[in-house]
Each structure stands twice: as C-alpha cells, then as structure tokens.
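Input: a single structure, listed below in structure tokens.
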Amino acid sequence: MTRQQPAVFRDFVLTAFPRFFGLNKYRVHVPWAVYVADVLGTTPALDAAIFCITSVFMGRSNHDVALQKSSREMYSKALISLGGMIKHDKIMRSRESVSTSILLSLFEAYSQTREDSWAQHAAGAALLMSMRGAKSHLTGFDRCLYLSFRSFLTAAAFIEGKPCFFEKQEWQSLINEIRKQDMADPRANATISAIIDVTDRLFMEVVKIPGLMYRVNRHLYASPPASPSESEQLISRLYQCKEKIHGLACELRLVASVQGHRNTRGKLSLIGPIPSTLPQTFSNGVLRGTKNCFKILDLLLHNLMVSRHDNYYSPYAISDTPAGSGSLSPSSSPLSALEPMPTGSFFDVPRIIPFHIVSRFRDFNDGVSFPLSEGIQMSPVDKWLDQVASSMGMEAFEVVVDDGIDDRCSSLDVDPQFEHASPLPTREKSVF
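With UniProt numbering, the residue at position 201 of the sequence shown is 201, and numbering never jumps.
Take a look at the structure:
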C-alpha cells in the first residue's frame, strides 16, 4: 500500500480539483503529487496525513468501510505527530508542518466530520504560513502550498470572523508578483493569462473583507463609542473595496463571454480530463462568489450608517456601484453617495442587521461534468472542494442574517447566466 500512495494521492488531487489544477497547472513549480512522491517516508506526521487522505478517498470511491476506518485511525496519528512537531519552532515553520495541516483540513472536509472542523485546521495552516512569511512561498513547492490552499485559508478567515493574513502588505506584494509572473508565462494562452490577471487582482480585494468585518464589528460595539472619523474611514474603505470588486467582476465577465464565443457548437474538446469550457466555468464560480462579497459589504455599510446616525433612521441607503452610475472617485465622500432606498428593500430596517458566516456544503451544477477514469463522475464533495478552490473560497460558506429579515441584500446580483448553485439541506451533525 505504501508504494501505491503517490499514485493514489495523484488520483485524489485530479478527482477533487480538476477545474482548479487544470487551469493552474502552469502556476505551480512543484505539484502536490511530485512532492508527495519525493518526501513519503521522511516525516511521520506527513506520512500519516497522506495515508488518511488516500484511505478516505479510496474508501469512499469503493465503498470500503475498512479503509474509511483506517483513514480515521491515521488521522488521529497525524494529529498527535503534528502536535509534537509544532512544539519546536524551526520544525513548526517547515513546509512539512504546513502541508500536514493542509491535508488534515482537507480530510475533515472530505470525510464530512463535523461543522467547520475543516476551517479550524485551515486556521492552523494560516498561522503556520503567516509565521513563515510571504517570501518563503514564492518558489518551489512552497508556491504550490500558497496557490493550492489560499481559497480555503480565505474562507476560514470569513468563517472565523478574523482578519485574513493575505491582507498584509507583504502578502499583497507576493500575490501581485506571482500574478505578473504567471500571466506572462508563455505556456498560458491569452484567455488563461487574462483570467489569472483579473482573478488575482480580485483575490487581493476579497481577502480584505474579513478584516473589514472584524474592524466594523469592533467599531459598532466599542465602549466608549468610537469616533465619527473612524466611522467615515471604514465607510470609505468599504466603498472602495466594493467598487474595485465590481469593476473586476465586470472584467471577468468579459473574459468569460469572449471564451464562451470561442467554443464550437457547445461541444467539449478534451485535453486530458479538462474540457475546453473550463476557463468559463472557473470564471462562473468566481462570479457567483462575488455575490457573497456584495452582500457582506452592503450589510457592513448599512450597519455603519445606522450606527453613525445614532440609531436615527433616515430614508437613505448605501448606493450601489453599477457600471456608469453611482461609482465613487477616491476623493468622493461616501456620505455624498446616499440615495433613496427602493420600497421593500432588505435595508428598510432602521437598525443594525446582525449576520454571521457559516460553512455550507453545496452541490454545484454548472453545466459541465468532468469525466474521470473509467467513466466515474465527480461526487458532491469533490465538486464542493473544487468549487471552493476555484472561487477564492467565497462558495465555502453562506451569509446568514440572524433575525429573519428577507434575504434581499444587494441589488448588484450576479447575472442569471452565472447562477447555477443550489444549496443542499443542512445535515444534522455536519454541513459537509
């Protein structure tokens, strides 16, 4: 079984992340499968983590109860070994520690253990990566660690309600540097290059939202109350973030629509297991994810406005920023962009609207079925993992308003052609 681990692990990666790794295969210098083959047998914690992933993957694929039981046993061993590793500062900062933590998070998601358990492991991986520093993730397999798991790290920050370390300047610089390198790679065609360019710039804005959520929450419940100038600064930052995300989403729609016209009669031509429509479906997932961005930003803006006006309700609301109207220049005052609220809107409430972020397992039907070996189709959990990886993490969760107000949050919705996801019923003990 040990000799088979690299091959089985490669099958897991290709099965669970066909869209993400298909589109990003030129971006990683050393892929997971190569790394696993090279290091297997050198680190007990990582060995156990690899074994628990391959065992649960094979156990679920073949309905083998014994293998699934073995995966849980190896998971426990990996946890114990990792606990020993992180007691030593140098070992804690190693790529083996980070990769082990990442695999344990994926195991939690893949095996559908309990609510948000994958996010807790992801938060641990985030801490380890941030301690290593951005420059440590520019080349080699360390670059793969950043690219392959960055969406899950971002999603975990939303769910945990804490700032994402990718918002820090050193990481923003890393994202931008890798973006420039990868979009200029001669192996990437014009469409792939454009998608890398737009989605990475979009990612640089999305990772700022968890920190904005955290800061707005502290501002709203500060004792004594925070100063009005701080409120204006937060409102301005929220507006700028929303405007940038809207502009980049428009760019991505254009890239996706151009690629869509290039497809011949809707047929899928295959290069290996990857359909030619992959860039468009990848873009669709990102665009669906931006809907959560707008919902969160609008809620934060509304709550700040209510707080700023000392709970005095006025018939005004935060304006949207559709193309050609309502957009703000950097010098504009956010308070000057107020306009009458449409009747019956979500924000016809003269008080702070509480909300929280919850992990949700969802089954996605985006019109493309990725053919796997021997005609096997992707399972719902495989689709979920791939979609989370391909959507900057924005489809890993849902925004839940706490007091039963109608879910009509943002007038800047994703176009119907990009609206394909349908939520599954929440399970009693697990949202996966």
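Don't be surprised by glycine CBs; every beta carbon is placed ideally from N, CA and C. A quick note: this is a predicted structure, and the numbers were derived from the prediction, not measured.
- For His309, no beta strand (DSSP E) segment is defined, and its DSSP state is neither H nor E.
- Selection Ser61, Met85 and Leu145 evaluated against Ser111 yields Ser61 as nearest (Cα-Cα).
- Two segments are said to touch when three or more pairs of C-beta atoms, one from each, lie closer than 8 Å; by this definition the stretch 60 to 75 does not touch the stretch 226 to 238.
- Listed in chain order, the non-local C-beta contacts of Ala134 below 6 Å within the same chain comprise Glu170, Trp171 and Leu174, local neighbours out to five positions each way being set aside.
- Note that the stretch 232 to 239 does not touch the stretch 181 to 191; fewer than 3 beta-carbon pairs, one per stretch, sit closer than 8 Å.
- In the DSSP assignment, Val358 is bridged to Glu398.
- The beta carbons of Cys164 and Glu205 sit no closer together than 8 Å.
- In the DSSP annotation of this structure, Tyr221 is not part of any alpha helix (DSSP H), being labelled neither H nor E.
- Counted as a single uninterrupted DSSP element, the alpha helix (DSSP H) harbouring Val13 occupies residues Gln5 to Ala16.
- Beyond the five residues adjoining it in sequence on each side, Ala123 comes within less than 7 Å, by CB distance, of Ala156 and Glu160 in the same chain, given in chain order.
- Annotation: Val28 is outside any alpha helix (DSSP H) and is labelled neither H nor E by DSSP.
- Excluding residues up to 5 positions away in sequence, Ala48 lie with their Cβ nearer than 6 Å to the Cβ of Lys77 in the same chain.
- Within the same chain, Cβ atoms closer than 8 Å to the Cβ of Ala33 are found at Pro6, Phe9, Arg10 and Val13, the five residues on either side in sequence being excluded.
- Taken through DSSP and simplified to helix, strand or coil, Pro186 comes out as coil.
- Listed in chain order, the non-local C-beta contacts of Arg3 below 8 Å within the same chain number zero, local neighbours out to five positions each way being set aside.
- With fewer than 16 other Cβ atoms inside 10 Å of its own Cβ, Glu73 counts as exposed.
- The C-beta distance from Arg19 to Phe355 rounds to 29 Å, too long to fall under 8 Å, and the pair is not in contact.
- Around the beta-carbon of Gly84, fewer than 16 other beta-carbon atoms lie within 10 Å, marking it exposed.
- Under the three-state reduction of DSSP, Asp386 is assigned to helix.
- Comparing alpha-carbon positions, the option among Ser151, Met213, Ile102 and Asn189 lying closest to Leu202 turns out to be Ser151.
- Taking each of Ser136, Ser130, Phe141 and Gly140 in turn and checking the Cα distance to Thr154, the smallest one comes out for Ser130.
- Going by DSSP, Glu160 is part of the alpha helix (DSSP H) stretching over Gly140 to Glu160.
- Leaving aside the five residues that flank Arg308 on each side, the residues in its chain whose CB is nearer than 6 Å to its CB run, in chain order, Ser231.
- With respect to Ile91, Ser99 sits apart: the two C-beta atoms are not nearer than 8 Å.
- Contact between Val198 and Leu252 is confirmed by a C-beta separation of about 5 Å, below the 8 Å threshold.
- The beta carbon of Asp200 sits closer than 7 Å to the beta carbons of Ile175 and Arg179 from its chain, once the five residues preceding and following it are set aside; these are given in chain order.
- Runs of the alpha helix (DSSP H) spanning 4 or more residues and lying entirely within the stretch 203 to 258 occur at 209 to 220, in chain order.
- By a beta-carbon distance limit of 8 Å, Phe141 contacts Tyr35. Their separation comes to about 5 Å.
- With contacts defined by Cβ atoms closer than 8 Å, Val358 and Val400 form a contacting pair.
- Per the C-alpha coordinates, the member of Ser193, Phe57, Leu40 and Asp38 positioned closest to Ala16 is Phe57.
- In its chain, beyond the 5 residues on either side, Met394 and Val399 have a beta carbon closer than 7 Å to the beta carbon of Asn292.
- By the criterion of a C-beta distance shorter than 7 Å, His219 is surrounded in its chain by Ala226, Glu230, Ser231 and Leu234, once the five residues flanking it on both sides are discounted.
- Rounded to whole angstroms, the gap between the alpha carbons of Ile209 and Ala66 is 43 Å.
- Glu177 and Lys69 have their C-alpha atoms spaced approximately 43 Å apart.
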